[in-house]
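Beneath this line is the structure, given in structure tokens, with notes to follow.
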Amino acid sequence: MLRKFSFCLFLILFLLISPLHAQTQLTTPERGGAERKAIIDALRAPVRKQLGKDVIFKIDHLKTQNGWAFLRGVPQQPDGTEMDYTGTIYGQRIAEGAFDNWICALLRKQNGKWRVVKFVIGATDVVYEGWDVIYKAPSSIFR
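In this note's numbering, the protein residues as written are 1 to 143.
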């Protein structure tokens, strides 16, 4: 009887703790998966608005943990070619040589929906340094 009770108690504790552990794990959303698409779509809207043109992303890094996501990649035109920044707010920086063609973004999942906390296009340094402290995001998603 004690064995059955111990086993049941173990099973209950395991089932209660497993979802918490799953939420704390560092993950990379799989290509073509719903989570990855939701993150990218959440970022696409404000980037499209800022650039005034449609955009896709060539993603070099995407990590999630505890309802946070960090993405690093390159904005591209929908056909996969290099983004044309002509007529965007980045024209002057490009002309001055103070623009690197990449994007980084921090997103937060709230009420089941991914929302952009911050994104930067064209930085010439590691602008996301310290975002973990500023926004209280897990530092592991940035590595």
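Quick reminder that beta carbons are idealized off the backbone N, C-alpha and C, glycines included.
For residue 72, same chain residues with a beta-carbon under 6 angstroms away, outside a window of 5 residues either side, are 60, 61 and 104 in chain order.
Checking the DSSP bridge columns, you'll see residue 53 has no partner listed. For residue 74, the enclosing beta strand (DSSP E) starts and ends at 68-76. A straight line joining the alpha-carbon of residue 100 with that of residue 106 spans about 18 angstroms. By the beta-carbon neighbour count (other beta carbons within 10 angstroms, threshold 16), residue 122 is buried. In this structure residue 47 is buried. Its beta-carbon is surrounded by 16 or more other beta-carbon atoms within 10 angstroms. Going by DSSP, residue 117 is part of the beta strand (DSSP E) stretching over 113-121. Under the Cβ criterion (8 angstroms, minimum of three pairs), the region 32-46 counts as touching the region 110-118. Under the three-state reduction of DSSP output, residue 27 falls in the strand class. By the neighbour-count criterion, in which 16 or more other beta carbons inside 10 Å mark a residue as buried, residue 128 falls on the buried side.
Annotation for residue 134: the continuous alpha helix (DSSP H) segment containing it runs 131-135. Nearest Cα to residue 109 within the set 69, 142 and 89: 69.
Note on geometry: alpha-carbon atoms of residue 141 and residue 86 lie some 32 angstroms from one another.
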